[in-house]
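If you count by my numbering, then the sequence shown holds residues 2 to 359, one letter each, in order.
Ideal placement from N, C-alpha and C gives every residue a C-beta, glycine not left out.
In this text the structure is predicted, and so the values were computed from the model without any measurement.
The structure under discussion appears below in the form of structure tokens.
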Amino acid sequence: MLLYLLQRPKPEQVRGERWLVTPDAIRRTREIATPLGNLPEQIDHTDFRQTETGRIPFRSQWSRADYRVTYTVTSEEKTVEATRKNIKVLQGMPESQIFPAMNVLAQGIGVHCDYCHVRRDNKWIWDSEEKPAKHVGREMIRMMLELNRTKFKGDVALTCYSCHRGSTSVARVVPLPPRDPTKVPPPDPLPSAAELLQRLATATGDASKPLRMMGRLESASRTGSITIEVKPPQDVQLSFNGETKKADGALLDRARAIYAPDKVRVTAAALKVVRADRIGDREVWVANAGTTSYFFDKHSGLLLRRLETPEESMLGPLQEQADFDDYRDAGGVRMPFVITTSDGAPYTTAVRRFSEIR
Ligand code: HEC
Ligand code: HEC
């Protein structure tokens, strides 16, 4: 992975390259000429640690104007061929990714793990080769890795979901009668990032107000009452079934991103509006900042979704999402009264319904 990141593009592809070297970080920025104009690209190497082969960055983040991927270099972490019994195609995958990545795979074809894996006496035998579907699955993984490597420059462009769309059967025919592409109205021009942020601030109202949010959390693994206290600009205190803790570190970032009235803490310069989309029957604008995508309601201007890709795996991105729904006035600030968080695993989806925010 590291070698790939440090690979140099052909000189004629590179317009200008700048290096910024500090004791604990290296940033490289350059512009790649494409038929659509120059594409800015930035690579950040951080978290340098001493290893047998010298001081190397354990975190490398590669970003382009259109998307960003964080590759975490995991030289110290064992990969699945060392930790698991029966790995024939997923060599190189960090152990910490096997379960999240298998969730992505299973969701991609719309099945549960037992479609391919054996469970006996309430115990999973992951390495078993008993089920024919596992063999089909392995051939599919092999095909996908091969296509990504040979046809898509090693990007994980193709995933199970690309073809399967959450079903074991793959569509082969287009529906009739056909649509007339010449009659499809041209898309609305994209708004600017500054405009989206301005509309969001206006729609949200007074985000500096301290808030107390009371409600219930429900997921497959836990259920209970929650109280969240937000004290702008920094503090968040979380309480679940009466047990209270003050959020700090990564938990604070996550708590603020989900609960604070101002959830989008990026400048217009760092936010790139990429496309129009829909969430259910609502139309949204999608804008990216780093590894995060924000979905803004076209009509109200409010934030409906935050989608983060903290990690990529061989089988596709491992994503985390928060959905904001049922916005109401809470004494001068618009707040979502339903917040749903999810990642690839069905049992982690958690719905928070607030009965009171004041
Ligand atoms: C479509 C079939 C398929 C489904 C569905 C599937 N897997 Fe897998 N799984 C495989 C294949 C194939 C391998 C072996 C990969 C290899 O050979 O490198 C594997 C390997 C594994 C391993 C490592 C086994 C070992 O010890 O060698 C684990 C753990 C695992 N899967 C967990 C899961 C979980 C959890 C789920 C459900 C969320 C799941 N799998 C769903 C096909 C599947
Ligand atoms: C390039 C497109 C493509 C990709 C990518 C792809 N598949 Fe498939 N898959 C197919 C096609 C085509 C079939 C055959 C469907 C048929 O015969 O009706 C199929 C069949 C299958 C079947 C057999 C389904 C059945 O009902 O018998 C399984 C299981 C499967 N794929 C799993 C996967 C998994 C897991 C991945 C990701 C690792 C994956 N596929 C990626 C195209 C794809």
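Q. What are the boundary residues of the alpha helix (DSSP H) that S163 is part of?
A. In the sequence shown, counting from the first residue as 1, residue 163 sits at position 162. Residues 161-165.
Heavy atom of ligand 1 less than 8 Å from the Cβ of W127, yes or no?
Looking up residue 127 in the sequence shown gives position 126. For ligand 1, at least one heavy atom lies less than 8 Å from the Cβ of W127.
- Query: Cβ of R19 versus every heavy atom of ligand 1: is any distance shorter than 8 Å?
  - Reply: As a first step, residue 19 must be located in the sequence shown, where it is residue number 18. Answer for R19: no, Cβ out of range of ligand 1.
Reference A277, options N39, W63, V287, closest by Cα: For the purposes of this step, residue 277 is identified with residue 276 of the sequence shown, where counting begins at 1. With distances taken between Cα atoms, A277 lies closest to V287.
| said: Let me check understanding here. Comparing Cα to Cα, which of D330, L191, K135 lies closest to M103? | reply: Translated into the one-based positions of the sequence shown, residue 103 becomes position 102. The residue with the shortest Cα to Cα distance from M103 is K135.
For this session: Return the residue from the list T84, I88, V105 that minimises the CA-CA distance to P159.
Result: Within the sequence shown, numbered from 1, the residue matching residue 159 stands at position 158. Strictly speaking, residue 159 in this sequence is Leu, with Pro absent from that position. Closest option to L159, Cα to Cα, is V105.
request  = Give a single yes or no on whether V137 has its beta carbon closer than 8 Å to a heavy atom of ligand 1.
outcome  = The residue you call residue 137 lines up with position 136 of the sequence shown. Result yes, Cβ under 8 Å from ligand 1.
Practice task
Return yes when at least one heavy atom of ligand 2 lies under 8 Å from the C-beta of L334, else no.
Solution key: Residue 334 sits at position 333 when you count from the first residue of the sequence shown. Residue identity differs from the one stated: residue 334 is Val in this sequence, not Leu. Because no heavy atom of ligand 2 lies under 8 Å away, the Cβ of V334 does not count as near it: no.
Quick check on DSSP: helix, strand or coil for R143? Residue mapping note: residue 143 aligns to position 142 of the sequence shown, counting from 1. Collapsing the DSSP output to three states places R143 in a helix.
**R166 versus A172 - alpha carbon distance** = Position 165 of the sequence shown holds residue 166. Position 171 of the sequence shown holds residue 172. Put simply, the backbone Cα of R166 is about 9 Å away from that of A172.
Requested in this report: Identify, in the order they occur along the chain, each residue of the same chain with its Cβ nearer than 6 Å to the Cβ of Y162, setting aside the five sequence neighbours on each side.
Outcome: Here residue 162 is taken as the residue at index 161 of the sequence shown, counted from 1. For Y162, where only same-chain residues beyond five positions count, the Cβ hits under 6 Å are G109.
Below 8 Å on the Cβ atoms is my guess for I358 versus A323; work out the distance and round it to an integer in Å.
Taking the first residue of the sequence shown as 1, we reach residue 358 at position 357. Taking the first residue of the sequence shown as 1, we reach residue 323 at position 322. Incorrect: roughly 16 Å between the Cβ atoms, too far for contact.
Quiz item: Roughly how many angstroms lie between the CA atoms of F296 and P187, to the nearest whole one?
Solution: Along the sequence shown, one-based indexing puts residue 296 at 295. Along the sequence shown, one-based indexing puts residue 187 at 186. F296 and P187: Cα-Cα distance of roughly 21 Å.
Notebook entry, point to check: Since E130 sits in a beta bridge, which residues does DSSP pair it with?
Noted result: Locating residue 130 in the sequence shown gives position 129, where the first residue counts as 1. None, per the DSSP bridge assignment.
Can you give me the Cβ contacts of L305 inside the same chain, cut-off strictly under 8 Å, excluding the 5 residues immediately before and after it? Against the sequence shown, residue 305 aligns to sequence position 304. Cβ-Cβ distances below 8 Å link L305 to I280, R283, V285, F296, F297, D298, D324, F325, D326 in the same chain, with the five nearest sequence neighbours on each side left out; the list follows chain order.
- request: Have a look at M144 and Q98 and give me their C-alpha separation to the nearest angstrom.
  value: Here the question's residue 144 lines up with position 143 in the sequence shown. Here the question's residue 98 lines up with position 97 in the sequence shown. Distance between the alpha carbons of M144 and Q98 is about 20 Å.
Give me the residue from P58, D344, S301 with the minimum Cα distance to L308. If you number the sequence shown from 1, residue 308 lands on position 307. Nearest of P58, D344, S301 to L308, Cα basis: D344.
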